[in-house]
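Residue numbering for the sequence shown follows UniProt numbering, starting at 1 and increasing by one per position.
Think of the CB as a built atom: it goes at the ideal place given N, C-alpha and C, for glycine as much as any other residue.
Some notes on the structure that comes next.
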Amino acid sequence: MQFPSVSEIIISKPKKLMNTFLASMHYKSKKLPLRFAVDSAMCIPISSDVVLVKNKNFMDFVADLNEHIISCVKSNCVEWFNNNMNLELIEEYYVNPLKYDKIYGSVVKLKHDEGKLEKGKKNIIIDVVGLRFLKQKFSIEWTISSIEDVSDKIEFQSVDTDSIFSSDLDDIPEPDPEELLEMKDKYNLLLTNISISIDDEHAKHKEVIKQLDAKKKLLVGIKDKIAEVQNVNDFYEISEAIQNIQS
């Protein structure tokens with residue numbers, strides 16, 4: 001298990017999305033999306049989409065990440081929000097993902113979209129979207145994107161690409177890395193905002209919820225395709241699909 005150095009995590013200037021601001025987070029100067037694995041983590045589900053994660057190395061990393069986030073917001077608050085907030089206020093507004101549970105002690109609270117989850121040790125992968133800023137609080141936006149029992153063995157099978165793609169496609173160029181990263185950000189932001197909208201509208205508009213839920217399912221359906229982008233044709237196809245869902 002190896003976590004990124006927090007000093008190399010880049011937090012971009014927040015962008016307005018609906019009634020919130022979201023600052024994306026990347027690793028190594030925006031070249032890589034922020035994702036990391038946690039091995040043998042004790043996972044305790046407390047609701048259908050929230051889980052408590054207990055793993056010392058991960059909690060140590062989160063503690064360092066908290067300090068990095070607060071320091072970065074303090075250094076950039078004038079540029080980002082035209083407001084020179086003091087450190088104490090920033091610390092008060094920050095929603096620390098490190099929690100204390102009466103039964104399990106120190107844990108990290110995370111969302112997950114893997115359906116019903118049984119308590120136990122898991123190998124998990126966490127995707128970080130960024131920092132979400134509301135009026136008087138801000139928090140890290142991240143989710144468990146993959147979760148496996150520790151005992152599970154994952155086998156990888158090779159794929160004969162020659163049987164899938166004809167030879168005249170061999171020279172199709174790869175997509176621009178920055179555009180690909182921007183597309184992934186758009187996907188994550190859109191999925192997050194739709195999830196928030198579902199919560200906001202849950203008691204008001206059943207038809208709106210139905211439409212938003214359908215869009216969310218479409219987004220989840222193209223999640224694996226994003227990870228498998230090989231050429232610009234794939235890139236444009238997925239970009240168009242995201243644009244259609246967004247409209």
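Beta-carbon contacts of residue i that lie in its chain and below 8 Å, excluding the five residues immediately before and after
i	result
K99	L52, S106, V107, V108 and K109
A41	V53, K54, N55, F58, K121, K122, N123 and I124
L212	I194, S197, I198 and E201
E79	K13
Extent of the continuous alpha helix (DSSP H) run through residue i
i	result
K225	K223 to A227
Own chain residues within Cβ distance below 7 Å of residue i, not counting five before or after
i	result
R132	T20, L22, F138, S139 and E141
Q157	Here the model assigns Q157 a pLDDT of 39, short of 50, so the residue's position is not dependable, and the following value carries that caveat. Nothing meets the Cβ criterion.
E91	I70
D185	S24
L87	K74
I222	I238 and A241
6 Å Cβ shell around residue i - same chain, five flanking residues per side excluded
i	result
V128	M25, L34 and W142
S145	I125 and D127
S239	M183
I154	Legend: pLDDT at I154 = 41, less than 50; position of this residue unreliable, value from coordinates given subsequently. Counting only Cβ-Cβ distances below 6 Å, and skipping sequence neighbours, we find nothing.
K119	I44
Element boundaries [beta strand (DSSP E), containing residue i]
i	result
E141	F138 to D149
V108	G105 to H112
N123	G120 to F133
L17	K15 to L17
S24	T20 to Y27
Cβ-Cβ separation, residue j to residue i (assumed contact under 8 Å), whole Å
i	j	result
C77	M85	5 Å
K111	D64	About 21 Å separates the two Cβ atoms, so there is no contact after all.
Y4	F36	Tyr is not the amino acid found at residue 4; the sequence shown has Pro there. About 6 Å; that satisfies the 8 Å criterion.
Short Cβ contact (8 Å threshold) for residue i with residue j
i	j	result
N244	L17	no
I242	Y187	yes
H68	I9	yes
K216	L191	yes
S104	I44	The question names Ser, but residue 104 is Tyr in the sequence shown. Cβ distance < 8 Å, so Y104 and I44 count as in contact.
P97	V62	yes
Item to check | Complete runs of the alpha helix (DSSP H) confined to the segment 36-102 [at least 4 residues] | outcome: 56-81 and 87-93
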